[in-house]
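Just below is one structure, and these are the notes that go with it.
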Amino acid sequence: MDAYGHVNNARFLTLYEEARVAMFFVGARAHGLGSFEEGIVIARHEIDYLRPVDFGDPVRVEMWISGLKAASFTVDYELFDDGQLASRARSVCVPYNLAEGHPRRLSAAEKDFLTPYWIRS
Numbered sequence: 000m001d002a003y004g005h006v007n008n009a010r011f012l013t014l015y016e017e018a019r020v021a022m023f024f025v026g027a028r029a030h031g032l033g034s035f036e037e038g039i040v041i042a043r044h045e046i047d048y049l050r051p052v053d054f055g056d057p058v059r060v061e062m063w064i065s066g067l068k069a070a071s072f073t074v075d076y077e078l079f080d081d082g083q084l085a086s087r088a089r090s091v092c093v094p095y096n097l098a099e100g101h102p103r104r105l106s107a108a109e110k111d112f113l114t115p116y117w118i119r120s
């Protein structure tokens with residue numbers, strides 16, 4: 000919470016992260032895919048703050064894939080507070096081999112999982 004009783008701007012990143020983890024860990028695992036849990040790093044975040052969100056209010060995050068490359072994918076988000084768009088964001092995600100300490104390419108199974116969420120512009 001900030002000094003005005005609103006959700007602090009840094010907390011928006013956490014809200015987006017929670018949505019992303021739900022999709023790429025829980026959702027992917029439900030489809031038999033556990034490889035995202037082995038490592039994803041964020042190469043870039045962009046956030047537009049459109050209106051304040053009161054601390055404690057429930058919010059809804061909608062997300063989709065806006066870019067899909069051989070070794071990265073881009074997640075776009077919209078955060079709604081009481082049905083009103085409060086923020087837009089984008090994260091560039093890179094599959095990462097944590098054990099060996101380097102980026103890796105997306106597997107065919109990972110691309111298959113992401114493709115239904117890919118909205119090409």
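Note that numbering that gives the first Met the number 0 has the sequence shown beginning at 0, numbered continuously upward.
For glycine and all other residues, C-beta sits at the position ideal for the given N, C-alpha and C.
Item	Value
Within 10 Å of its beta-carbon, does V6 have 16 or more other beta-carbons around it, so buried, or fewer, so exposed?	buried
In whole angstroms, what is the alpha-carbon distance linking I24 and F112?	Reading off the sequence, residue 24 comes out as Phe, not Ile. Cα-Cα distance, rounded: 12 angstroms.
Return the residue from the list A98, S71, A69, E61 that minimises the CA-CA distance to D80.	E61
Mapping the DSSP letters down to three states, classify D53 as helix, strand or coil.	strand
With distances taken from CA atoms, which of L84, L105, N8 is nearest N96?	L105
Let me know if P94 comes out buried or exposed under the rule of 16 or more other beta-carbons within 10 Å of its beta-carbon.	buried
Considering only the alpha carbon of each residue, which of H30, G31, L14 lies closest to H44?	L14
If you follow the beta strand (DSSP E) that A85 is part of, which residue opens it and which one closes it?	83-96
Could you tell me which of V20, F35, A9, A21 sits nearest to A107, measuring between CA atoms?	F35
Could you check whether E109 and L12 sit closer than 8 angstroms to each other, using their CB atoms as the reference points?	no
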